[in-house]
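Novice: First the structure, which I've put down as structure tokens, then a few questions once you've had a look.
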Amino acid sequence: MRNSWFFLFLLILVTSCKQDNNGSTTTNEQIFRVIPLKYAKSFRLFEDNNNFKLEITDETNGKAISSYLFPKQITAPPKAALFSSTVIGYLEELNQLQTVIGVEKLNGVYNPKLNEQIKQGKIKEYVDYSLVNPEKLRKDRVNTVFYSLYGPELNPLDEKLKKLEITAIPLLEWKEQHPLGKAEWIKMYGVIYGCFELAEKKFAAIEKEYNKIKDSAAEKVLKDQKVLTSMMFQDIWYLPGGNSYMAKFIKDAGGNYVLKDDPSTGSQSLTFEQVYKKYLHAPIWINVDAKTKKEMLALYDGYKYFDAFKSGRIFTYHHEMLRYFEEAPVKPHLLLNDLVHIFSSENPQNLYFYTKVK
Numbered sequence: 255m256r257n258s259w260f261f262l263f264l265l266i267l268v269t270s271c272k273q274d275n276n277g278s279t280t281t282n283e284q285i286f287r288v289i290p291l292k293y294a295k296s297f298r299l300f301e302d303n304n305n306f307k308l309e310i311t312d313e314t315n316g317k318a319i320s321s322y323l324f325p326k327q328i329t330a331p332p333k334a335a336l337f338s339s340t341v342i343g344y345l346e347e348l349n350q351l352q353t354v355i356g357v358e359k360l361n362g363v364y365n366p367k368l369n370e371q372i373k374q375g376k377i378k379e380y381v382d383y384s385l386v387n388p389e390k391l392r393k394d395r396v397n398t399v400f401y402s403l404y405g406p407e408l409n410p411l412d413e414k415l416k417k418l419e420i421t422a423i424p425l426l427e428w429k430e431q432h433p434l435g436k437a438e439w440i441k442m443y444g445v446i447y448g449c450f451e452l453a454e455k456k457f458a459a460i461e462k463e464y465n466k467i468k469d470s471a472a473e474k475v476l477k478d479q480k481v482l483t484s485m486m487f488q489d490i491w492y493l494p495g496g497n498s499y500m501a502k503f504i505k506d507a508g509g510n511y512v513l514k515d516d517p518s519t520g521s522q523s524l525t526f527e528q529v530y531k532k533y534l535h536a537p538i539w540i541n542v543d544a545k546t547k548k549e550m551l552a553l554y555d556g557y558k559y560f561d562a563f564k565s566g567r568i569f570t571y572h573h574e575m576l577r578y579f580e581e582a583p584v585k586p587h588l589l590l591n592d593l594v595h596i597f598s599s600e601n602p603q604n605l606y607f608y609t610k611v612k
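Residue 537 in my numbering is what sits at position 283 of the sequence shown, and the numbering runs on without skipping anything.
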């Protein structure tokens with residue numbers, strides 16, 4: 255008799271929690287359906303009739319790092335502290351900047367609307383996320399924080415905040431290797447802020463414009479023009495791998511990236527001599543950390559030998575780095591458009607992120 259009850263218990267347990275063929279998770283209480291993502295690899299979305307489920311994931315093994323439930327109908331948007339500047343761009347697209355309570359550094363903000371709130375004394379300043387005082391966040395009525403996660407483990411502060419009913423969201427958009435993968439993170443913010451449909455519409459418009467510009471590049475850009483990137487840091491010249499985020503941009507803009515055949519997503523470490531020997535004659539040079547040629551030569555005199563330096567086809571976003579960090583992830587179409595103009599003209603005009611090194 256006891257064995258009969260035991261097997262009955264097992265039968266109930268097995269049938270009450272299972273996964274069906276379309277990826278939905280079934281329990282006695284909820285059925286979560288997968289919301290497909292087209293490009294992003296570092297988060298997943300699910301839904302049932304009343305809630306969204308968000309998972310921040312490790313794209314190397316597909317495992318969830320953290321998981322959250324958000325109601326589809328919210329009574330009020332989150333009151334957030336931002337410990338990553340990229341959040342600003344996403345929130346602006348969703349008309350949610352008024353919900354920001356504080357940022358890491360007041361002088362580290364580009365966005366004009368948020369700067370106006372700072373001038374009015376409406377925005378708090380916090381230190382680095384790992385050092386922030388949880389009680390101060392609670393006192394300021396913060397209920398959500400966003401921070402960039404760079405290590406394999408969640409920040410220990412997350413659990414402390416959870417006890418205070420403050421939700422900590424670790425961000426991994428920086429790991430996305432496709433420009434539209436970073437942009438697709440707008441859907442995550444749509445879930446959190448109760449405006450998922452708006453986020454989907456925004457992303458669809460970004461994707462359409464990106465692909466339109468990508469298709470136009472084939473008619474405008476000369477394919478044989480090699481593109482060099484970056485500068486030396488100390489004694490090493492770090493070039494993005496051939497499958498990296500920036501390499502994808504260059505390819506989609508019609509550029510011939512110097513490391514296009516490299517299979518890596520990370521950076522390659524080269525000496526000045528190696529870059530000089532292989533890429534001295536690249537006619538285009540982008541993403542230098544200087545505003546003028548004089549600044550470049552002050553860092554390393556050897557730059558003057560490169561063809562791009564001599565011709566002046568050197569471009570940077572260094573003049574407005576804050577704008578680049580806030581907006582580029584969610585506006586990849588504008589960055590791509592800049593690159594198409596750079597690759598197709600010796601003197602491109604009306605660039606959004608970039609400018610010519612003087």
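We put the CB at the ideal spot given by N, CA and C, even for glycine.
With which residues is Met486 paired in a DSSP beta bridge?
Specialist: Here residue 486 refers to the residue found at position 232 of the sequence shown. Note: Met486 sits in a beta bridge opposite Trp491.
Novice: Kindly indicate the opening and closing residues of the alpha helix (DSSP H) around Thr398.
Specialist: In the sequence shown, the residue the question calls residue 398 occupies position 144. Element bounds for Thr398: not the alpha helix (DSSP H) but the beta strand (DSSP E), Thr398 to Ser402.
Novice: I'd like to know whether the C-beta atoms of Pro290 and Leu434 end up nearer to each other than 9 Å.
Specialist: Indexing the sequence shown from 1 puts residue 290 at position 36. Indexing the sequence shown from 1 puts residue 434 at position 180. Against a cut-off of 9 Å, the Cβ pair of Leu434 and Pro290 comes out as no contact.
Novice: Quick one: grab the DSSP three-state call for Asn282.
Specialist: Taking the first residue of the sequence shown as 1, we reach residue 282 at position 28. Confidence at Asn282 is low in this model, with a pLDDT of 42, below 50, so the placement of that residue should be treated as unreliable; the coordinate-derived value is given next. Coil, per DSSP.
Novice: If you pair each beta-carbon of the segment 336 to 356 with each one of the segment 420 to 427, do three or more pairs fall below 8 Å?
Specialist: yes
Novice: Can you tell me where the beta strand (DSSP E) holding Arg298 begins and where it ends?
Specialist: Taking the sequence shown and counting its residues from 1, one reaches residue 298 at position 44. Run containing Arg298: Phe297 to Glu301, per the beta strand (DSSP E) assignment.
Novice: Spatial neighbours of Lys505 within its chain, please: C-beta separation below 8 Å, excluding the five flanking residues on both sides.
Specialist: Here residue 505 is taken as the residue at index 251 of the sequence shown, counted from 1. Excluding residues within five positions, the ones whose Cβ falls inside 8 Å are Tyr511 and Lys514.
Novice: Report all residues from its chain with a CB closer than 6 Å to the CB of Ser402; omit the five preceding and five following residues, and keep chain order.
Specialist: Start at 1 with the first residue of the sequence shown, and residue 402 comes out as number 148. Result list for Ser402: Ser338 and Leu425, in chain order.
Novice: Can Cys449 be considered in contact with the ligand FMN, in the sense that its beta carbon sits closer than 8 Å to one or more heavy atoms?
Specialist: Judged by which ligands are present, the structure shown has none, so any question about the ligand FMN falls away.
Novice: I need the DSSP call for Val354, collapsed to helix, strand or coil.
Specialist: The count along the sequence shown starts at 1 and reaches residue 354 at position 100. Collapsing the DSSP output to three states places Val354 in a strand.
Novice: Following the continuous alpha helix (DSSP H) through Glu461, name the residue where it begins and the one where it ends.
Specialist: Along the sequence shown, one-based indexing puts residue 461 at 207. Note, Glu461: alpha helix (DSSP H), Phe450 to Lys474.
Novice: Give the range of the alpha helix (DSSP H) segment to which Gln528 is assigned.
Specialist: For the purposes of this step, residue 528 is taken as residue 274 along the sequence shown, with counting starting at 1. It spans Phe526 to Tyr533 - the alpha helix (DSSP H) in which Gln528 sits, taken as one unbroken run.
Novice: Quick check on the burial criterion: 16 or more other C-beta atoms within 10 angstroms. Buried or exposed for Pro583?
Specialist: By one-based count along the sequence shown, residue 583 stands at place 329. Residue environment analysis places Pro583 among the buried positions, since at least 16 neighbouring C-beta atoms fall within 10 angstroms of its C-beta.
Novice: Which one or two residues does DSSP pair with Leu425 in a beta bridge?
Specialist: Here residue 425 corresponds to residue number 171 of the sequence shown, with the count starting at 1. In DSSP, Leu425 forms a bridge with Ser402.
Novice: What does DSSP give as the partner residues of Ile319 in its beta bridges?
Specialist: Residue mapping note: residue 319 aligns to position 65 of the sequence shown, counting from 1. Bridge partners of Ile319: none, in fact.
Novice: Is it true that the CB of Gly495 sits closer than 9 Å to the CB of Phe597?
Specialist: Position 343 of the sequence shown holds residue 597. Position 241 of the sequence shown holds residue 495. Contact: no.
Novice: Does the beta-carbon of Gln350 have 16 or more other beta-carbons within 10 angstroms, so that it is buried, or is it exposed?
Specialist: By one-based count along the sequence shown, residue 350 stands at place 96. Flag for Gln350 reads buried.
Novice: Where does Ser518 land, buried or exposed, given buried means 16+ other C-beta within 10 angstroms?
Specialist: Here the question's residue 518 lines up with position 264 in the sequence shown. Burial call: exposed.
Novice: For Val481 and Ile540, which I take to be in contact (beta-carbon distance under 8 Å), what is that distance rounded to the nearest angstrom?
Specialist: On the sequence shown, position 227 is the one that residue 481 refers to. On the sequence shown, position 286 is the one that residue 540 refers to. With 8 Å as the limit, Val481 and Ile540 qualify as a contact, their Cβ atoms being about 6 Å apart.
Novice: To the nearest angstrom, how far is it from the Cα of Ala294 to the Cα of Asn365?
Specialist: Taking the first residue of the sequence shown as position 1, residue 294 is located at position 40. Taking the first residue of the sequence shown as position 1, residue 365 is located at position 111. Put simply, the backbone Cα of Ala294 is about 25 Å away from that of Asn365.
Novice: Below 8 Å CB to CB, which residues in the same chain sit around Thr489 once its five sequence neighbours on both sides are set aside?
Specialist: Against the sequence shown, residue 489 aligns to sequence position 235. The amino acid at residue 489 is misidentified as Thr; the sequence shows Asp. Cβ neighbours of Asp489 beyond the five flanking positions: Thr525 and Phe526.
Novice: Could you check if Leu493 is buried or exposed, using at least 16 other CB atoms within 10 Å of its CB as the buried criterion?
Specialist: One-based indexing of the sequence shown puts residue 493 at position 239. Label assigned to Leu493: buried.
Novice: Measure the Cβ-Cβ separation of Ala334 and Val396 and say whether it is below 9 Å.
Specialist: Counting from one through the sequence shown, the residue named residue 334 turns up at place 80. Counting from one through the sequence shown, the residue named residue 396 turns up at place 142. Taking 9 Å as the Cβ cut-off, Ala334 and Val396 qualify as a contacting pair.
Novice: I need the boundaries of the beta strand (DSSP E) containing Phe337, first residue and last residue.
Specialist: In the sequence shown, residue 337 corresponds to position 83, counting from 1. Taken as a continuous stretch (DSSP letters only), the beta strand (DSSP E) holding Phe337 covers Ala334 to Phe337.
Novice: Measure the alpha-carbon distance for Asp302 versus Asn591 and round it to whole angstroms.
Specialist: Within the sequence shown, residue 302 is the residue found at index 48, counting from 1. Within the sequence shown, residue 591 is the residue found at index 337, counting from 1. C-alpha separation (whole angstroms): 38 Å.
Novice: On the CB-based measure, 16 or more other CB atoms within 10 Å of its CB, does Pro537 come out buried or exposed?
Specialist: By 1-based counting over the sequence shown, the position of residue 537 is 283. It counts as buried.
Novice: Can you check which of these residues, Asp394, Tyr533, Glu600 and Val529, is closest to Leu476 by C-alpha distance?
Specialist: Sequence index remark: in the sequence shown, residue 476 carries index 222 (1-based). The residue with the shortest Cα to Cα distance from Leu476 is Glu600.
Novice: Measuring only the C-alpha atoms, how far is Ile399 from His432?
Specialist: As a working mapping, residue 399 is identified with position 145 in the sequence shown. As a working mapping, residue 432 is identified with position 178 in the sequence shown. The identity of residue 399 in the sequence shown is Val, whereas the question assumes Ile. When rounded, the distance between both Cα atoms is 25 Å.
Novice: Can you tell me the Cβ-Cβ gap for Gly356 and Tyr380, rounded? I've got them flagged as a contact below 8 Å.
Specialist: Working through the sequence shown from its first residue, we reach residue 356 at position 102. Working through the sequence shown from its first residue, we reach residue 380 at position 126. With a Cβ gap of about 5 Å, Gly356 and Tyr380 count as contacting.
Novice: Do Pro331 and Tyr447 have their CB atoms nearer than 9 Å?
Specialist: Along the sequence shown, one-based indexing puts residue 331 at 77. Along the sequence shown, one-based indexing puts residue 447 at 193. Yes, Cβ-Cβ distance for Pro331 and Tyr447 is below 9 Å.
Novice: Look up Lys292 in the DSSP assignment and say whether it is helix, strand or coil.
Specialist: By 1-based counting over the sequence shown, the position of residue 292 is 38. If DSSP states are grouped into helix, strand and coil, Lys292 belongs with coil.
Novice: Going by DSSP, what residue range makes up the beta strand (DSSP E) through Lys307?
Specialist: Taking the first residue of the sequence shown as 1, we reach residue 307 at position 53. That run of the beta strand (DSSP E) goes Asn305 to Thr311.
Novice: Bridge partners for Pro325 per DSSP, in chain order?
Specialist: Counted from its first residue, the sequence shown places residue 325 at position 71. Answer is Asn305, bridged to Pro325.
Novice: Taking C-alpha atoms, which residue in Phe306, Val445 and Phe297 lies nearest to Ala318?
Specialist: What you label residue 318 is simply residue 64 of the sequence shown in a count that begins at 1. Ranking Phe306, Val445 and Phe297 by Cα distance to Ala318 puts Phe297 first.
Novice: Helix, strand or coil: how does DSSP classify Gln603 here?
Specialist: Counting from 1 along the sequence shown, the entry for residue 603 is found at position 349. Looking at Gln603 - three-state DSSP - the assignment turns out to be coil, as it is neither helix nor strand.
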